[in-house]
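Heads up, the thing below is written out as structure tokens.
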Amino acid sequence: KVGFKAGVKDYRLTYYTPEYETKDTDILAAFRVTPQPGVPPEEAGAAVAAESSTGTWTTVWTDGLTSLDRYKGRCYHIEPVPGEESQFIAYVAYPLDLFEEGSVTNMFTSIVGNVFGFKALRALRLEDLRIPVAYVKTFQGPPHGIQVERDKLNKYGRPLLGCTIKPKLGLSAKNYGRAV
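Per our numbering, the sequence shown starts with residue 1, numbered consecutively.
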């Protein structure tokens, strides 16, 4: 079967793979999708998998330069959201080879980058994400543990939180220090 119609790809033909069995090394995402009227849920889920991995809406000459089966995201399961008309959970598996080791920024911009503005969807929300141990191990972590941080800050017996202090401007050094 040809996977293209009138210059526009039917994502289901390539990125909807209900027979796919996830691997322990896959990053698994669960997206709540609300397709536009007339867009089947399988197409919406496949579009999310495509646009957040190797696909685009039209044929590009670089398609032939890579192994699509190795790198593509796969929508492997779709289920309706109970009690919500026209909403579905689309489960997408991403191979680790898509992502830069030790980079949360790369992972998130790949998975949730431009896909949220995709026109085939009325709404999209990332509901859950499973990051495999194989990917977690690529992060170096801090050079020292929490005890060193607490000692440097002289803060014990409470959580350490990071946030933007408001107001951002106008606090004296003393009051800024109190807030921090």
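The beta-carbon is built from N, C-alpha and C at its ideal position, and this holds for glycine as well.
S67 counts as exposed, since fewer than 16 other beta carbons sit within 10 angstroms of its beta carbon.
Classified as exposed, Y176 has fewer than 16 neighbouring CB atoms from the shown chains inside 10 Å of its CB. According to DSSP, P41 shares a beta bridge with no other residue. With respect to R125, D97 sits apart: the two C-beta atoms are not nearer than 8 Å. The residue among K137, C163, T22 and Y156 with its C-alpha nearest the C-alpha of H77 is T22.
Boundaries of the beta strand (DSSP E) harbouring F31: I27 to P35, taken from the DSSP string. Shown here, F116 sits in a helix according to DSSP, grouped into three states. Looking at L171, F116, V136 and Y11, the one whose alpha-carbon comes closest to that of F31 is F116.
Three or more Cβ pairs closer than 8 Å define a contact, and the stretch 32 to 39 falls short of that threshold against the stretch 99 to 116. Approximately 12 Å separates the beta-carbon atoms of A120 and A49; this is outside 8 Å, ruling out the contact. In the structure shown, Y11 adopts coil according to DSSP, grouped into three states. The shortest C-alpha to C-alpha distance from I165 to any of A173, V180 and P159 is the one to V180. Within the same chain, E42, E43 and A46 come within 6 Å of R12 by CB-CB distance, once the 5 residues on both sides are set aside.
DSSP places V92 inside the beta strand (DSSP E), whose first and last residues are F88 to Y94. Partner residues in a beta bridge of E101, as assigned by DSSP, do not exist. Runs of the alpha helix (DSSP H) lying entirely within the stretch 115 to 153 and spanning at least 4 residues, in chain order: 133 to 136 and 146 to 153. The beta carbon of L153 sits closer than 8 Å to the beta carbons of L160 from its chain, once the five residues preceding and following it are set aside; these are given in chain order.
Inter-residue distance for P142 and G162 is about 16 Å (C-alpha atoms, whole angstroms). Going by beta carbons, F118 and E51 fall inside the 8 Å limit.
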